[in-house]
Amino acid sequence: NPPVITSKHNPQVIYYGSNVLHKSTNRGRTWTDISPDLTRNDSTKLGLMGGPITNEAAGGETYHTLMTLAESIDISTHSPSTVYVTVLKYKFNDFTPYIYKSDDYGSSWNLITNGIDKNAYTRVVREDPIKKDLLYAGTELGLYISFDAGLKWSPFQLNLPKTPILDLMINQNDLLAATSGRAFWILDDLSPLQQLRPEIK
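In this text, residue positions in the sequence shown follow our numbering: the first is 14, and each later residue adds one.
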């Protein structure tokens, strides 16, 4: 399944991944290659999959195509020098949460996972667009929140079952969580969280 994404910044722009990155600026009517070959270009990996008896088309042994795309790392709406990124290593049997923050345009990074369960590997972190330092993290063991830019995290389940959170989005000041199993959960109106002050937490 080749990766396809629509730009968050311009809905007319679509990206498609094969062995190169393709871009359309007119919703897919025409395409332009915008990268060189981004794979290992190993011709021994281009044969039929699953042989020699049947072609299973599973593709696990084929790595001559792109597997995922992301338009950019999320940049802070409060400071252009601040950026957050998550790293997954569970396929290496490492379930540690990895959330990194940079305040110098990516020149240096700090791990910011204090308070997150040691086995709650993290898939996504989002910054609140209105309240500076308010962060939301989706982990394998549920949702977490930080009021101090990740220095300290707390579980934030409310009525959300403890389930893997695959992605988070803030839309019209609501928090949307995509969960494992193709379900989603919405926290209506983030205003109360945005108005919290340390003295009333």
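All C-beta atoms in this analysis are idealised placements derived from N, C-alpha and C, irrespective of residue type, glycine included.
Continuous alpha helix (DSSP H) stretch holding L209: start and end: Against the sequence shown, residue 209 aligns to sequence position 196. For L209, no alpha helix (DSSP H) segment is defined, and its DSSP state is neither H nor E.
Apart from the five residues just before and just after V98, which ones in its own chain have a Cβ nearer than 7 Å to its Cβ? For the purposes of this step, residue 98 is taken as residue 85 along the sequence shown, with counting starting at 1. Same-chain partners within the cutoff: I86 and Y113.
Per-residue burial, L171 [other beta carbons within 10 Å of its own, 16 or more giving buried]: Counted from its first residue, the sequence shown places residue 171 at position 158. Classification of L171: exposed, given that the 10 Å Cβ count is below 16.
Pick out whichever of G163, K144, Y103 and D146 has its Cα sitting closest to the Cα of G128. Numbered from 1 along the sequence shown, position 115 holds the residue referred to as residue 128. For the residues G163, K144, Y103 and D146, the minimum Cα distance to G128 belongs to G163.
Would you say L179 and R136 are within 8 Å of each other, going by their C-beta atoms? As a first step, residue 179 is located in the sequence shown; it is residue number 166 there, counting from the start. As a first step, residue 136 is located in the sequence shown; it is residue number 123 there, counting from the start. Cβ distance < 8 Å, so L179 and R136 count as in contact.
Quick one: grab the DSSP three-state call for F197. For this step, residue 197 is matched to residue 184 along the sequence shown. Strand, per DSSP.
Identify whether T192 lies in helix, strand or coil by the three-state DSSP scheme. As a position in the sequence shown, residue 192 is number 179, starting the count at 1. If DSSP states are grouped into helix, strand and coil, T192 belongs with the strands.
Spatial neighbours of S121 within its chain, please: CB distance less than 7 Å, with the 5 preceding and 5 following residues excluded, ordered by chain position. As a first step, residue 121 must be located in the sequence shown, where it is residue number 108. Cβ within range, chain order: S115.
For L203 and L188, I'd like the C-alpha separation in whole angstroms. Translated into the one-based positions of the sequence shown, residue 203 becomes position 190. Translated into the one-based positions of the sequence shown, residue 188 becomes position 175. Approximately 7 Å, taken between the alpha carbons.
First through last residue of the beta strand (DSSP E) which encompasses G155: As a first step, residue 155 is located in the sequence shown; it is residue number 142 there, counting from the start. Start and end: G155 to S159.
Is L209 near the ligand ZN, in the sense that its beta carbon is under 7 Å from a heavy atom of that ligand? The ligand content of the structure shown is nil, which means the ligand ZN is not present either.
Let me know the secondary structure DSSP gives S56 once reduced to three states. On the sequence shown, residue 56 is found 43 positions in, with the first residue counted as 1. Three-state result, S56: helix.
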